[in-house]
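Trainee: In my numbering, the protein residues as written are 2 to 314.
Written as structure tokens, this is what we have:
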């Protein structure tokens, strides 16, 4: 007598279907979360926190509120920057601009609260921590506002001046990232701290110019002079290769000079080495947005390597 047809395949099909549906739901949820993190600038706050911990690891500082201060201040400044430039960002980053326009009131409120809390917490680190926590915001105002009198050149903002614009941003973030945790720990600024300032300055300068490749058309329309708008993408790529090589050379010198331990210098070098891969793709791939994100995230492998070394050793 023939047996009844088996139902297992149907059950398996239902299981596979449920699995695919669950996977799709998880991916969709993750995309929404990442969209919020990226468009609101919250992911930059997480990267700033990672940078503070890199300083803590390298200089053997005690844990403090410095990472929280850095994260809150970073989020606030970049959120306000995106709100301020929402109209000019419509062409280069339309998705982000749409998100910012849709949630402008919430972003303004969150940025104000974050900045207020961040600055208030910095007071606990003393006057030096407080002063340097204010530095990025002060520089942003000077950088973005029309205050330079036009004499013979059509330049009203530091943002419009070649190299000065990127260098100003790099200095505004590199110095506080190193000084604030030192101030909280009541430690002194030694040669290793100076090396870290140079390290973060060169890395941030490179990140800014990588982002400028994405914004080339907008910058040309606004009269903003950047490496890509003045020299083109190919020359920009060559210049940034040089900066990455210089960063590695600085770390090598610091290691041989005894300012940094060889393991610390090696781990720090993974940052500029990762940047070399991003720089190599400038002008050679369509997604400049992903290159900008990639450049900004090159500090994360450094942070993870230090975190693992602390646990293992």
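C-beta atoms are modelled at their ideal positions from N, C-alpha and C, and glycine is treated no differently. Computed from a predicted model, the values in this text were never measured in an experiment.
#1: Excluding sequence positions up to five away, which residues of its chain have a Cβ less than 8 Å from the Cβ of residue 27?
#2: Does the beta-carbon of residue 277, which I'm using as the reference point, lie nearer than 7 Å to any heavy atom of the ligand ZN?
#3: Identify the continuous alpha helix (DSSP H) that holds residue 174 and give its terminal residues.
#4: Please go through the region 192-255 and give each complete alpha helix (DSSP H) segment of 4 or more residues, from N-terminal end onward.
#5: Can you give the Cα-Cα distance for residue 261 and residue 22, rounded to whole angstroms?
#6: Can at least three beta-carbon pairs, one atom from the region 64-75 and one from the region 187-205, be found at a separation below 8 Å?
#7: Just to confirm, are residue 183 and residue 62 a CB contact at a threshold of 8 Å?
#8: Just the Cα atoms here: how many angstroms apart are residue 97 and residue 76?
#9: Helix or strand or just coil, what does DSSP make of residue 87?
#10: In angstroms, rounded to a whole number, what distance separates the CA positions of residue 1 and residue 163?
#11: Could you tell me if residue 305 is buried or exposed, where buried requires 16 or more neighbouring beta carbons within 10 angstroms of its beta carbon?
#12: Starting from residue 141 and walking both ways along the alpha helix (DSSP H), at which residues does that stretch end?
#13: Where does the unbroken alpha helix (DSSP H) through residue 103 begin, and where does it stop?
Mentor: In this structure, then:
#1: Within the chain shown, the letter at position 26 stands for residue 27. For residue 27, where only same-chain residues beyond five positions count, there are no Cβ hits under 8 Å.
#2: The ligand ZN is not part of this structure, which contains no ligands at all.
#3: Translated into positions along the chain shown, residue 174 becomes position 173. Its alpha helix (DSSP H) spans residues 165-185.
#4: Within the region 192-255, the complete alpha helix (DSSP H) segments of 4 residues or longer fall at 192-215, 217-223, listed in chain order.
#5: Sequence index remark: in the chain shown, residue 261 carries index 260 (1-based). Sequence index remark: in the chain shown, residue 22 carries index 21 (1-based). Across the structure, residue 261 and residue 22 are spaced so that their CA atoms are roughly 51 Å apart.
#6: With a cut-off of 8 Å, the region 187-205 and the region 64-75 do not count as touching, because too few Cβ pairs lie within range.
#7: The sequence position of residue 183 within the chain shown is 182, counting from 1. The sequence position of residue 62 within the chain shown is 61, counting from 1. Taking 8 Å as the cut-off, the beta carbon of residue 183 is found closer than this to the beta carbon of residue 62.
#8: Here residue 97 refers to the residue found at position 96 of the chain shown. Here residue 76 refers to the residue found at position 75 of the chain shown. Roughly 15 Å separates the two Cα atoms.
#9: Taking the chain shown and counting its residues from 1, the one referred to as residue 87 is at position 86. In the structure shown, the three-state DSSP call for residue 87 is coil.
#10: Any question about residue 1 goes unanswered here, given that the chain covers just 2 to 314.
#11: Translated into positions along the chain shown, residue 305 becomes position 304. Here residue 305 is exposed. Its C-beta has fewer than 16 other C-beta atoms within 10 Å.
#12: Taking the first residue of the chain shown as 1, we reach residue 141 at position 140. It spans 128-145 - the alpha helix (DSSP H) in which residue 141 sits, taken as one unbroken run.
#13: By 1-based counting over the chain shown, the position of residue 103 is 102. Here the alpha helix (DSSP H) through residue 103 covers 95-103.
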